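Engineer:
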Amino acid sequence: MKSLFTVLIALVTVTTFAQKNFQGKATYMSKTTMDMSSFGDRFNKMSEAQKKQIATRMKSFLEKTYILTFDKSSSTYKEDEKLAAPTAGGGRGWGGMSGGGEKYKNTKDLVALESIEFFGKKFLISDEMKRPEWELGSETKKIGEYVCYKATLTKDVDPTDWTNMRRRGRNDDDKKKDAATKDTANTVKVSDELEVPKQITVTAWYTPQIPVSNGPAEYWGLPGLILELNSGRTTILCTEIVINPEDKIDLEAPTKGDEVTREEYNKIITKKMEEMREQFRGRGGRGRGRN
Numbered sequence: 000m001k002s003l004f005t006v007l008i009a010l011v012t013v014t015t016f017a018q019k020n021f022q023g024k025a026t027y028m029s030k031t032t033m034d035m036s037s038f039g040d041r042f043n044k045m046s047e048a049q050k051k052q053i054a055t056r057m058k059s060f061l062e063k064t065y066i067l068t069f070d071k072s073s074s075t076y077k078e079d080e081k082l083a084a085p086t087a088g089g090g091r092g093w094g095g096m097s098g099g100g101e102k103y104k105n106t107k108d109l110v111a112l113e114s115i116e117f118f119g120k121k122f123l124i125s126d127e128m129k130r131p132e133w134e135l136g137s138e139t140k141k142i143g144e145y146v147c148y149k150a151t152l153t154k155d156v157d158p159t160d161w162t163n164m165r166r167r168g169r170n171d172d173d174k175k176k177d178a179a180t181k182d183t184a185n186t187v188k189v190s191d192e193l194e195v196p197k198q199i200t201v202t203a204w205y206t207p208q209i210p211v212s213n214g215p216a217e218y219w220g221l222p223g224l225i226l227e228l229n230s231g232r233t234t235i236l237c238t239e240i241v242i243n244p245e246d247k248i249d250l251e252a253p254t255k256g257d258e259v260t261r262e263e264y265n266k267i268i269t270k271k272m273e274e275m276r277e278q279f280r281g282r283g284g285r286g287r288g289r290n
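Residue numbers 0 to 290, in numbering that gives the first Met the number 0, belong to the letters of the sequence shown in order.
#1: Per DSSP, which residues does D126 bridge with? Please list them.
#2: Taking contact to mean 3 or more Cβ pairs, one atom from each stretch, closer than 8 Å, check whether the stretch 23-35 and the stretch 60-67 are in contact.
#3: Use the C-beta contact count for L135: other C-beta atoms within 10 angstroms, 16 or more gives buried, fewer gives exposed.
#4: Cα separation between E78 and K24?
#5: Compute the Euclidean distance between the alpha carbons of Y76 and A216, then round it to the nearest angstrom.
#6: Check whether the Cβ atoms of V201 and L152 sit closer than 8 Å, and answer yes or no.
#7: Does the distance from the CB of K255 to the CB of S114 come in under 8 Å?
#8: Does R232 pass the burial test, meaning 16 or more other C-beta atoms within 10 Å, or should it be called exposed?
#9: Assuming contact is defined by CB atoms lying nearer than 8 Å, are A203 and A150 in contact in what I supplied?
#10: May I ask you to report which of helix, strand or coil DSSP gives I268?
#11: Provide the residue(s) that pair with M28 in DSSP beta bridges, ordered along the chain.
#12: When DSSP labels each residue in this structure, what does E47 get in the three-state scheme?
#13: Under 8 Å Cβ to Cβ from K141, same chain only, skipping five residues before and after it: list those, please.
#14: Pull up the distance between the alpha-carbon of W133 and that of L221, whole angstroms please.
#15: Where does K140 sit, in a helix, a strand or coil, going by DSSP?
#16: For K81, is the classification buried or exposed, using 16 other Cβ atoms within 10 angstroms of its Cβ as the cut-off for buried?
#17: Taking the DSSP output, what are the residues bridged to Y205?
#18: What are the residues that DSSP puts in a beta bridge with L76?
#19: Suppose you measure from the CA of N265 to the CA of F122; what does that come to, to the nearest Å?
#20: Looking only at its own chain, which residues have a Cβ that is under 8 Å from the Cβ of N213, when we skip the five neighbours before and after it?
#21: Any idea which residues DSSP pairs G119 with across the strands?
#22: Give me, in chain order, the residues of the same chain whose beta-carbon lies closer than 7 Å to that of L236; leave out the 5 immediate sequence neighbours on both sides.
#23: By DSSP, does E329 sit in helix, in strand, or in coil?
#24: Counting along the chain, where does the beta strand (DSSP E) carrying D257 start and finish?
#25: Please report the straight-line C-alpha distance between S46 and E258, rounded to a whole angstrom.
#26: If you drop the 5 nearest sequence neighbours on each side, which residues of the same chain put their C-beta closer than 6 Å to that of A179?
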């Protein structure tokens, strides 16, 4: 009787995902942890009340909700507009670099696009979409009602990704905290104060029960939907899945914005960061001169 029940469930699952107009919608919670002491001595000298105030302000950048809408081969991934906190600079929020925008993937045609606004200017970023070299494991765990399998991936770090930035010249205890990134000797200098690892190890948990090769953010390439992802200091966890929702999902590639490659966009970001640092140093210099 148990075997018959298992067969029936399998048949229902196969029928569901074989439908021509199959679609799905997954909600993800994203949380990034940050060692505030990496901001240097100025932060360490603040009162506990000041530190708490800064941590509260940063919460909107460190904790977000995203919606992944998908069919058999394409998807869009963007912040839940109903829960998105307004930002002064628009686009990616803090420093113009956090979340925001819309990521589009087509795993069949190998098309990856990101529509984003940076300091009031819209960009349409194209990424080179190579199949990720995941290492599949046998370890399993349940996320909700789904059985998930573990997979790992070593990837290069985007030098403009502030979530992986850390203070340069850290002590041994600090380095041990980031041992999972396997990068203590291989870093890229961002500024005199900050650096990022060249590579990090990403851990994904995917379920073959939803046989689509997709997942949150830029991640894909596994034999099932990714329900949990751990990348550097960021964890993304699926909290809800709706298969074939009543309202039809419109999956179209974004078209608005100046078309640039990821490399070109990173150069624009880096240049803007340098300009902002110089302006900050200038104001700081004048401030010291008046004291």
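Positions of the beta carbon are idealized from the N, C-alpha and C atoms, including for glycine. Every value quoted in this text rests on a predicted model; they were computed, and no experiment measured them.
Structural biologist: By the coordinates alone:
#1: Sequence index remark: in the sequence shown, residue 126 carries index 127 (1-based). DSSP lists A111 as partners of D126.
#2: Proximity of the stretch 23-35 to the stretch 60-67 meets the contact definition, three or more beta-carbon pairs being nearer than 8 Å.
#3: Numbered from its first residue, the sequence shown carries residue 135 at position 136. That one is exposed.
#4: Here residue 78 refers to the residue found at position 79 of the sequence shown. Here residue 24 refers to the residue found at position 25 of the sequence shown. E78 and K24 have their C-alpha atoms some 13 Å from each other.
#5: The residue you call residue 76 lines up with position 77 of the sequence shown. The residue you call residue 216 lines up with position 217 of the sequence shown. One alpha carbon belongs to Y76, the other to A216, and they sit about 6 Å apart.
#6: Sequence index remark: in the sequence shown, residue 201 carries index 202 (1-based). Sequence index remark: in the sequence shown, residue 152 carries index 153 (1-based). Contact flag set, yes.
#7: Position 256 of the sequence shown, counting from 1, holds the residue named residue 255. Position 115 of the sequence shown, counting from 1, holds the residue named residue 114. Taking 8 Å as the Cβ cut-off, K255 and S114 qualify as a contacting pair.
#8: Position 233 of the sequence shown, counting from 1, holds the residue named residue 232. With 16 or more other Cβ atoms inside 10 Å of its own Cβ, R232 counts as buried.
#9: If you number the sequence shown from 1, residue 203 lands on position 204. If you number the sequence shown from 1, residue 150 lands on position 151. The answer is yes: Cβ separation under 8 Å.
#10: Here residue 268 corresponds to residue number 269 of the sequence shown, with the count starting at 1. In this structure, I268 counts as helix in the three-state DSSP scheme.
#11: Indexing the sequence shown from 1 puts residue 28 at position 29. In the DSSP output, where bridge partners are listed per residue, M28 has T64, L236.
#12: Stepping through the sequence shown from its first residue, residue 47 is reached at position 48. The answer is helix: DSSP assigns E47 an H, G or I state.
#13: In the sequence shown, residue 141 corresponds to position 142, counting from 1. Cβ within range, chain order: C147.
#14: Position 134 of the sequence shown, counted from the start, is the residue given in the question as residue 133. Position 222 of the sequence shown, counted from the start, is the residue given in the question as residue 221. Approximately 7 Å between the Cα atoms of the pair.
#15: Reading the sequence shown from its first residue, position 141 is the one you call residue 140. In the three-state scheme derived from DSSP, where H, G and I count as helix and E and B as strand, K140 is classed as strand.
#16: Numbered from its first residue, the sequence shown carries residue 81 at position 82. It counts as exposed.
#17: For the purposes of this step, residue 205 is taken as the residue at position 206 of the sequence shown. Answer is Y148, I225.
#18: Counting from one through the sequence shown, the residue named residue 76 turns up at place 77. With the sequence shown as reference, residue 76 is identified as Tyr, and Leu is not the correct amino acid for it. Residue pairing by DSSP puts Y76 in a beta bridge opposite L67, K102.
#19: Against the sequence shown, residue 265 aligns to sequence position 266. Against the sequence shown, residue 122 aligns to sequence position 123. So the two alpha carbons sit approximately 12 Å from each other.
#20: Counting from 1 along the sequence shown, the entry for residue 213 is found at position 214. Correct list, in chain order: L67, F69, S74, K104, T106, W219, L224, I225.
#21: For the purposes of this step, residue 119 is taken as the residue at position 120 of the sequence shown. G119 pairs with nothing; no bridge assigned.
#22: Position 237 of the sequence shown, counted from the start, is the residue given in the question as residue 236. Counting only Cβ-Cβ distances below 7 Å, and skipping sequence neighbours, we find Y27, M28, E227.
#23: Limits of the chain in this structure are 0 at one end and 290 at the other, which puts residue 329 out of reach.
#24: The sequence position of residue 257 within the sequence shown is 258, counting from 1. Per DSSP, D257 belongs to the beta strand (DSSP E) from 257-260.
#25: As a first step, residue 46 must be located in the sequence shown, where it is residue number 47. As a first step, residue 258 must be located in the sequence shown, where it is residue number 259. C-alpha separation (whole angstroms): 45 Å.
#26: As a position in the sequence shown, residue 179 is number 180, starting the count at 1. Reliability fails at A179, whose pLDDT of 48 lies under 50, so the model's placement of it is uncertain and the value that follows must be treated cautiously. If you ignore the 5 residues before and after A179, its C-beta comes within less than 6 Å of no other C-beta in its own chain.
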